[in-house]
Amino acid sequence: MSFTAIRSIAYSSLATTQLQMALTSSNVANADTEGYSRKVAVQTSASTGTIGAGVSVTAIKSNVDKYLLKDLVAATSTLGATTATDSFASKLQNLLGSTTGSDSGGTSLANSIANLETALSSLAGTPESQTLQAQVVDALDTLASQLRETSAGIQGLRADADDGIEDSVDSINASLNSIATLNSQIAAAQARGDATGDLEDQRNTALQTLSGQMDVKYYVTSDNQMRISTSTGTTLLDSNVHELSYSSAAAVTSATVFDGITVDGKDITAEITSGTVGALIAQRDTELPAAQAELDALATGLIETLNSVHNAGSSSPPPTTLTGTSTVSASDALSGSGTVRFAVTDADGALVSYQDLDLSAYTTVGDLASAIDAIDGLSASLNSAGKLVVTADASDTGVAIVDIDSAIGSDDQGLSDYFGLNDLLTGSSAATISVRSDLLATPGLLATSALSTAATLTVGASVVSVGESSVAEAMNDALSGNHSFTAAGKLKASTTSFADYATSIVSTIATAASNASTALDNGTSARQSLADSLSSQSGVNLDEETARLSELEQQYAMASQLLEALNNMFDTLLQAVQSS
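Start counting the sequence shown at 715; every next residue gets the next number (my numbering).
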């Protein structure tokens, strides 16, 4: 073998070893860099015929297990979902409070109902007490306010989820564009013959960031280009980026209809089932509306039940005007039966005039209004809002109503209840429930008495007595007794008390929060385990790299010694030739 060939082999060994040492040093330096994978030089030997001609590095590769990476991407998506779910479940639980006792944000709904029961029980013992009447109104206002605030809080969480979706869509688009840029850089590096391992690491990291936001499918083409689609196949990245588009709602209520997340005009909302976005969609469109439905069932049950009882009574003295809450028109058909009594009394509840009306005699609401208007001392009409208004003609008199055996409509309501003439609560949901405004201002308007149902009444006789406990007792019994609830949210149809139903709402949400916390722990553990496995397989082992560096230093020293010996031999030969 010629000196030139030997020198070429020695130089190639030095160059290759030097590159290997630089690569090993880079591995050591990046041992703690997130997403970095160990780089390995692919070394091949060169030969001329059957004679070795040195070594060369043909490629620099990173040894990333594609199956482990795919599992890690899926686990990252799951973790993104469980993280968002746990956050919202915890916020919802804090919003509703605990199932027992008081929490830092105030009493739970069940406790508020219990406080109202206590106030009604006290009032039933002393119904003439203005102080106890005020306490009942205050307890009821606290409960109604809590329902409204909780409802507003739920809608606020839905708005937060909706805003979070828009933010996540921006993050998704940024990740897609980052991966597209890295694809281009990898293609350019390959064309120049440069190593692409570091760029591939960055692309894998961006892929994990993307998968944390939404579940995706991906693959790498034969020319090392990553392609990404939704879990059901809608393309997000091919040779171009197909960005997602979404704008959050300006305001959120239970009736809000949200826009879809689109790609190239196609709605892909239903295709996103995991990651942060998948969880936010589930919270906004399923979990939080379920809690709202349960809250609405409680509120509407309270409204219907308490109003029914309150409409059977009268304040003492009776009010000058009764204004309905139901919207009707004069032409509306009236399906009624039985007898209802209207009476005009003085400030002491003494009878001025009265009349019993047979509801079967009237076919429309207008007919009934005219009949009431014809009663001596009373005026009745429908106001511009379509509410029935009954007013005592003299300012020092009041109007009282009692259903003797009357029934109107499919629910067989009493007349006052049907038109809402003496409602205790207004509204139709947890968002709108409220104590009647004039009752809030004047708790003495609370129905603590009732108009007499005696066969005949005598003018001047007391017909609305002070200290009648039956209405307060009836409200307390209705509140604490069993009520039929239809299925709502996650709660099945049941027959239970209002307090127990409220407890079920809170308990269901507490269970969901506990499950979400457990899922988050499991998701965190699973992802960490896969990340550790991938790191163990493709990451940098400092002990191995240190040993490798020592081995390369020895190889470099041996190649240097070979080159030095070769140079000495060449010098000796040259001197011999010159001296001859």
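The C-beta atom is built at its ideal place from N, Cα and C for all residues, glycine as well.
Between 1241, 1265, 1159, which has its C-alpha nearest residue 847's C-alpha? Checked all of 1241, 1265, 1159; the closest Cα to residue 847 is 1159.
Spatial distance of residue 1108 from residue 1212 (CA atoms): 41 Å
Does the segment 1028-1043 touch the segment 1197-1204, meaning 3 or more C-beta pairs lie closer than 8 Å? no
Mapping DSSP to helix, strand and coil, what is residue 1219? helix
Which residues in the same chain as residue 882 place their Cβ atom closer than 6 Å to its Cβ, once the five residues preceding and following it in sequence are excluded? 927, 990, 991
Please state whether the Cβ-Cβ distance between residue 1055 and residue 1116 is less than 8 Å. Yes, the pair counts as a contact, with Cβ atoms nearer than the cut-off.
Kindly indicate which residue of 779, 1166, 743, 977 has the alpha-carbon position closest to the one of residue 1244. 779
For residue 1032, tell me which candidate among 740, 1177, 1272 has the shortest Cα-Cα distance. 1177
Measure how close the beta-carbons of residue 673 and residue 832 come, nearest whole angstrom, since I'm counting them as under 8 Å. A query on residue 673 cannot be resolved here, the shown segment of the chain reaching from 715 to 1294 and no further.
Please state if the CB of residue 994 and the CB of residue 879 are separated by a distance shorter than 8 Å. yes
Is there contact between the segment 1234-1244 and the segment 791-807, where contact requires at least three CB pairs shorter than 8 Å? Yes: at least three Cβ pairs fall under 8 Å.
Which of the three DSSP states is assigned to residue 1056 in this structure? strand
Residue interval of the beta strand (DSSP E) (run including residue 941): 940-944
Nearest residue (CA-CA) to residue 931, options 1281, 1119, 785, 1182: 785
Contact check, residue 1016 vs residue 1092, beta carbons under 8 Å: no
Specify whether the segment 1044-1062 and the segment 1072-1085 touch according to this definition: at least 3 beta carbon pairs, one from each stretch, less than 8 Å apart. Result yes; three or more Cβ-Cβ pairs closer than 8 Å.
Limits of the unbroken alpha helix (DSSP H) element including residue 1204: First-last for residue 1204: undefined, no H or E at that position.
Through-space distance from residue 1195 to residue 838, alpha-carbon basis: 16 Å
Delimiting residues of the beta strand (DSSP E) encompassing residue 1068: 1065-1072
Tell me which residues share the same chain as residue 1207 and place their Cβ nearer than 7 Å to its Cβ, disregarding the 5 neighbours each side in the sequence. 1199, 1200, 1201
Apart from the five residues just before and just after residue 1075, which ones in its own chain have a Cβ nearer than 7 Å to its Cβ? none
Do residue 922 and residue 913 have their CB atoms nearer than 8 Å? no
Between 822, 782, 1063, 1019, which has its C-alpha nearest residue 1164's C-alpha? 1063
Around the Cβ of residue 933, are there at least 16 other Cβ atoms within 10 angstroms (buried) or fewer (exposed)? exposed
Look at residue 1126 and residue 998 and say whether their C-beta atoms are less than 8 Å apart. Between residue 1126 and residue 998, the gap from beta carbon to beta carbon reaches 8 Å or more.
Please state whether DSSP places residue 739 in a helix, a strand or coil. helix
If we call anything under 8 Å between Cβ atoms a contact, is residue 782 one with residue 1247? yes
Across which residues does DSSP place residue 932 in a beta bridge pair? 942
For a quick check, are the C-beta atoms of residue 1102 and residue 1153 less than 8 Å apart? no
Is the beta carbon of residue 851 less than 8 Å from the beta carbon of residue 1027? no
Alpha helix (DSSP H) segment containing residue 1103, residue limits: Careful: residue 1103 lies outside any alpha helix (DSSP H), inside the beta strand (DSSP E) at 1102-1106.
How many Å lie between residue 929 and residue 888 at the Cα? 16 Å
Quick one: give me the first and last residue of the beta strand (DSSP E) that residue 1199 is part of. 1197-1199
For the alpha helix (DSSP H) holding residue 911, just list the boundary residues, first then last. Taken as a continuous stretch (DSSP letters only), the alpha helix (DSSP H) holding residue 911 covers 911-927.
Throw me the rounded Cβ distance for the residue 940 and residue 982 pair, which I believe falls under 8 Å. About 19 Å separates the two Cβ atoms, so there is no contact after all.
Whole-angstrom C-beta distance between residue 860 and residue 826, which should lie under 8 Å: Rounded, the Cβ-Cβ distance is 5 Å, consistent with contact.
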